[in-house]
Amino acid sequence: GDLVEMELDFVDATVKYGESTDMYSSRGTHLRAYFISAGESRRDAGSVLYYPQDLRELLSGAIDAAFPEDVRAVMQALLLGNTEGVYDDERLDSALAVTGLSHVISVSGMHVAFLFTMISQLLGRRRAVFFGAPVIVLFTLMVGCTPAAVRACVMQLFSMLALYRGSMPDGVHGLGAALLLLLGINPYSVASVSLQLSFAAVLGMEQASYRAYVRL
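The following block contains the structure:
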């Protein structure tokens, strides 16, 4: 929510080291900026657009206060998707990479499923449909609307709608709706490797679970 005035040097985001790249455009970034000099900053506290990030900062402070220093970075990543502390710790980052657990700290379906399960346990499944939907949308905005988080959010909303109607959840349609939403916002995101792997993995699980269900 801060407004910052500074001097920047802008460059084309489709070029890196003199060669064409779609790495930045797939994330919705079409210009890159290099810092030249700082100006002044001021707080824009009146805009509701910053509420999700304000809530994230509040929860981040609560996590720092509740957990000891040696596990704060992991808890920040697990609960809020804030991986800065993990990447700053070379030993922790290396350990996650070597053991193949880096995906655990990436906000995705696991986090959204845990959140909805908690709400269901507190309110009951039918009430969780009404109260859980805005909470899940707020959580997705709070963690930065990454492709995996948006996918998980849309698929969970579709599952909640099916639960309310008393029908079987259709994961493939939810997956397709999430992909259309992301491509509608930024068509270049189709080139994102994280998006491709995330959707491909979930589609594979959906197909495998459907075939197992049919056989049963």
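Each step along the sequence shown adds one to the number in the numbering used here, with nothing skipped, and position 194 is 622. The C-beta atom is built at its ideal place from N, Cα and C for all residues, glycine as well.
Cβ shell of residue i (< 7 Å), same chain only, five flanking positions each side left out
{"i": "S548", "result": "A556"}
{"i": "F627", "result": "R579, L603, L607"}
{"i": "M588", "result": "V557, G560, A561"}
{"i": "H531", "result": "none"}
{"i": "D517", "result": "A501"}
{"i": "L551", "result": "F559"}
{"i": "M503", "result": "I491, F495"}
Contacting residues, own chain, Cβ-Cβ under 6 Å from residue i (five flanking each side not counted)
{"i": "A619", "result": "D450, S454"}
{"i": "Y616", "result": "S453, S454"}
{"i": "F586", "result": "G602"}
{"i": "N614", "result": "G456"}
{"i": "L459", "result": "F438, A441"}
Residue i classed as buried or exposed, judged by whether at least 16 other C-beta atoms fall within 10 angstroms
{"i": "S637", "result": "exposed"}
{"i": "P496", "result": "exposed"}
{"i": "R554", "result": "exposed"}
{"i": "G594", "result": "exposed"}
{"i": "G537", "result": "buried"}
{"i": "G489", "result": "exposed"}
{"i": "T545", "result": "exposed"}
{"i": "F438", "result": "exposed"}
{"i": "A525", "result": "exposed"}
{"i": "A494", "result": "exposed"}
{"i": "V642", "result": "In this prediction, V642 has a pLDDT of 48, which is less than 50 and means its spatial position is unreliable; what the coordinates show is noted afterwards. So V642 counts as exposed."}
{"i": "L486", "result": "exposed"}
{"i": "Y445", "result": "exposed"}
{"i": "T527", "result": "exposed"}
{"i": "L623", "result": "buried"}
Distance between beta carbons of residue j and residue i, contact taken as under 8 Å
{"i": "V514", "j": "L508", "result": "Actually they are not in contact, since the Cβ atoms of V514 and L508 sit about 12 Å apart, beyond 8 Å."}
{"i": "A505", "j": "I533", "result": "4 Å"}
{"i": "E634", "j": "G599", "result": "4 Å"}
Cross-strand partners of residue i (DSSP beta bridge)
{"i": "E435", "result": "S465"}
{"i": "D440", "result": "L459"}
{"i": "S448", "result": "V443"}
C-beta atoms of residue i and residue j nearer than 8 Å
{"i": "L610", "j": "V563", "result": "no"}
{"i": "A605", "j": "V582", "result": "yes"}
{"i": "V535", "j": "T574", "result": "yes"}
{"i": "S448", "j": "T442", "result": "yes"}
{"i": "F567", "j": "L543", "result": "yes"}
{"i": "R484", "j": "D492", "result": "no"}
Sequence-distant residues of its chain with Cβ nearer than 8 Å to residue i (five each side left out)
{"i": "L436", "result": "A461, Y462, F463, I464"}
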